[in-house]
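A.B. asks: Structure provided below as structure tokens; questions to follow.
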DNA sequence: GTCGATAAAATTGTATACAACTAATTGCGT
DNA sequence: ACGCAATTAGTTGTATACAATTTTATCGAC
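Protein chains in written order, with this note's numbering: chain A, 75 to 312; chain B, 75 to 312.
In structure tokens:
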């Protein structure tokens, strides 16, 4: 899946494994935004020296998945509301643009692969495996964009999707956080019919739907309002 | 210009300076693709330890401006032809998309700023200052996209533009490598009239024009062909 | 108890020493 | 001269020690 290069070096591969572990843990919401990532702890966990951990952390910081504050260490990024909006707006541009360039490049096998991912996502959803559902939902989008045959575009979208899972972890309501199964299916159908312009439109709607399902207001716990409400209500034991 | 954050730390700032130096040297084609970047040399040049240099090099590698091969060090990236095509295709999607989202956000002052950059580029062109012309041409595109008010989008485009200067350095003909002055002016005019859809179309054409002006065939110096030609012609002194 | 300053602990930032690897050179045999 | 191994020089990869900084804990004074 993510094995793209021949991996010349064993050391290179070890770095990659640590990176993939952390990346997956973040995208699956097993590590929630704000979680601190002390270098010593990670080094001990992965059996590597801080030098290696540091390299991986900087890579994750570059991708916007963690934030490194000078002398204060790393923590899982907490996307701001404007940043989240920008990310979804950029995804709309890129993913719709990818669909528009896809005409004549999509084979029957490609469509089957998309359907398989979609089915797996549906399955995970039914089983209540939320982490798997989120991951497969992302994989659907990544795989879809890949059909445009533009490696640069694919990488940009993959990174934005990873950041999107941080957005969902921060602002998503506990239920119904992933794409609706039927919407992905609709996109597959439109592509199968060769209606790429319509598919692009639908994708735009789809992403807007996801964005709208988020709860922007809760960003800051709004300490003042919470306390006022608490005082107004029944003040239980301290 | 690039001073975005308060820069809490002096060390942080020192890293940034080294990064900016290398970044500018690459984008201005003062460091050409393929140039090797030994860590010791850079460390001595900038008066820093290899630890610092290493950090900066990895950042440049993430952005695709240099390539780090395991155990073999870093060198200025040499974009392949497919990669170059993908970069321009992605720029078309992003920059046209930015223009489409710009309606109602552009002030008269913004237009003046664009005109100023364009004039400066024209000036550099006339003076024969090729490095400045390339830099200002990139700045025009970056500033233009910035008017969409999407920071994520702006950063992605800025990175692709940096890589574009590597493409131009690799495949560009020595003359007429930058955007035509009149095309940028045309885009400004269309925006001033509020014709954002037309401006987006024109931007697409503009980027395609740049892409077409490149010489894809010369990628590998094609040793065999060159030698055959040499033997067939007049073989001068060895 | 609360607040403040001080001290201790924990954590990150950096330089450097050494190991591992690659590239270049030498030297030998044919 | 040529090819090929062995040696040497040069460069990168990593762990670690130490310095700098932040965070936590301690301890009086009010």
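Quick reminder that beta carbons are idealized off the backbone N, C-alpha and C, glycines included.
Please read these numbers as outputs of a predicted model, since none were measured by experiment.
Looking at residue 103 of chain A and residue 241 of chain A, is the spacing between their C-beta atoms short of 8 Å?
C.D. replies: For residue 241 of chain A and residue 103 of chain A, no; Cβs fall outside 8 Å.
A.B. asks: Helix or strand or just coil, what does DSSP make of residue 273 of chain B?
C.D. replies: Here residue 273 of chain B sits in helix by DSSP.
A.B. asks: CA-CA distance, residue 308 of chain A and residue 109 of chain A?
C.D. replies: For residue 308 of chain A, the predicted structure reports a pLDDT of 45, less than 50, and the residue's modelled location is therefore unreliable. A value from the coordinates is still provided. Approximately 32 Å between the Cα atoms of the pair.
A.B. asks: Can you list, in chain order, the residues of its chain whose CB lies under 8 Å from that of residue 123 of chain B, leaving out five sequence neighbours each side?
C.D. replies: Contacts found: 117.
A.B. asks: Using a Cβ cut-off of 8 Å, which residues of the segment 82-102 of chain B contact any Cβ in chain A, in chain order?
C.D. replies: 82, 83, 85, 86
A.B. asks: Check whether the Cβ atoms of residue 111 of chain B and residue 92 of chain B sit closer than 8 Å, and answer yes or no.
C.D. replies: no
A.B. asks: Using the beta-carbon count (16 or more within 10 Å), is residue 186 of chain A buried or exposed?
C.D. replies: Of the other Cβ atoms in all chains shown, fewer than 16 fall within 10 Å of the Cβ of residue 186 of chain A; this residue is therefore exposed.
A.B. asks: Can you tell me the Cα-Cα spacing of residue 264 of chain A and residue 273 of chain A, whole angstroms?
C.D. replies: 5 Å
A.B. asks: Measuring straight from C-alpha to C-alpha, what distance separates residue 133 of chain A and residue 95 of chain B?
C.D. replies: The straight-line gap from Cα to Cα measures roughly 21 Å.
A.B. asks: Where does residue 306 of chain A sit, in a helix, a strand or coil, going by DSSP?
C.D. replies: At residue 306 of chain A the pLDDT is 49, less than 50, meaning the model places this residue with poor confidence and gives no usable figure here.
A.B. asks: Taking DSSP as the reference, what is the three-state secondary structure of residue 137 of chain B?
C.D. replies: For residue 137 of chain B, the secondary structure class from DSSP, reduced to helix, strand or coil, is coil.
A.B. asks: If you measure from the beta carbon of residue 149 of chain A to each beta carbon in chain B, is any gap under 8 Å?
C.D. replies: no
A.B. asks: Rounded to a whole number of angstroms, what is the C-alpha to C-alpha distance between residue 83 of chain A and residue 144 of chain B?
C.D. replies: 7 Å
A.B. asks: With DSSP run on the structure shown, which of helix, strand or coil describes residue 246 of chain A?
C.D. replies: In the structure shown, residue 246 of chain A falls within a strand segment according to DSSP collapsed to helix, strand and coil.
A.B. asks: DSSP puts residue 172 of chain A in a beta bridge; with which residues?
C.D. replies: Paired residue(s): none; residue 172 of chain A is not in a bridge.
A.B. asks: In whole angstroms, what separates the C-alpha of residue 150 of chain A from that of residue 262 of chain A?
C.D. replies: Going by C-alpha positions, residue 150 of chain A is about 34 Å away from residue 262 of chain A.
A.B. asks: Is there a Cβ from chain B that is less than 8 Å from the Cβ of residue 107 of chain A?
C.D. replies: no
A.B. asks: Let me know the secondary structure DSSP gives residue 209 of chain B once reduced to three states.
C.D. replies: helix
A.B. asks: Determine, using beta carbons only, whether residue 164 of chain B comes closer than 8 Å to chain A.
C.D. replies: yes
A.B. asks: According to DSSP, simplified to helix, strand and coil, what is residue 147 of chain B?
C.D. replies: In this structure, residue 147 of chain B counts as strand in the three-state DSSP scheme.
A.B. asks: Taking 8 Å as the CB-CB cut-off, is residue 275 of chain A touching chain B?
C.D. replies: Judged by the 8 Å Cβ criterion, residue 275 of chain A is not in contact with chain B.
A.B. asks: In the DSSP assignment, what residue or residues form a beta bridge with residue 161 of chain A?
C.D. replies: Paired residue(s): none; residue 161 of chain A is not in a bridge.
A.B. asks: For residue 226 of chain A and residue 164 of chain B, which I take to be in contact (beta-carbon distance under 8 Å), what is that distance rounded to the nearest angstrom?
C.D. replies: With 8 Å as the limit, residue 226 of chain A and residue 164 of chain B qualify as a contact, their Cβ atoms being about 5 Å apart.
A.B. asks: Cβ atoms of residue 189 of chain B and residue 222 of chain B: under 8 Å apart, would you say?
C.D. replies: no
A.B. asks: Answer with buried or exposed for residue 85 of chain A, where buried requires no fewer than 16 other C-beta atoms within 10 angstroms of its C-beta.
C.D. replies: exposed
A.B. asks: So, for residue 269 of chain A: in the same chain, excluding its five sequence neighbours on each side, which residues have a beta-carbon less than 8 Å away from its beta-carbon?
C.D. replies: none
A.B. asks: For residue 129 of chain A, which residues in chain B fall below 8 Å Cβ to Cβ?
C.D. replies: 132
A.B. asks: Could you please give me the residues that DSSP links to residue 241 of chain B through a beta bridge?
C.D. replies: Its beta-bridge partners do not exist; DSSP assigns none.
A.B. asks: On the three-state DSSP scale, how would you describe residue 106 of chain B?
C.D. replies: In this structure, residue 106 of chain B counts as coil in the three-state DSSP scheme.
A.B. asks: By how many angstroms is the C-alpha of residue 130 of chain B removed from the C-alpha of residue 135 of chain A?
C.D. replies: 14 Å
A.B. asks: Between the alpha carbons of residue 113 of chain B and residue 89 of chain B, how many angstroms are there, rounded?
C.D. replies: 14 Å
A.B. asks: What does DSSP give as the partner residues of residue 111 of chain B in its beta bridges?
C.D. replies: Bridge partners of residue 111 of chain B: B/148.
A.B. asks: Secondary structure at residue 288 of chain A, three-state DSSP: helix, strand or coil?
C.D. replies: strand
A.B. asks: From residue 75 of chain A to residue 177 of chain A, what distance separates their C-alpha atoms?
C.D. replies: Residue placement at residue 75 of chain A cannot be trusted, given a pLDDT of 39 that sits under 50; what the coordinates show is reported in the next sentence. One C-alpha to the other measures close to 24 Å.
A.B. asks: On a CA-only basis, which of A/210, A/196, A/217 is nearest residue 325 of chain A? Give me that one, please.
C.D. replies: In the structure as shown, chain A begins at 75 and stops at 312. Residue 325 of chain A is therefore absent and cannot be evaluated.
A.B. asks: Taking the C-alpha atoms as reference points, what is the distance between residue 237 of chain B and residue 158 of chain B?
C.D. replies: Each residue's alpha carbon lies about 9 Å from the other.
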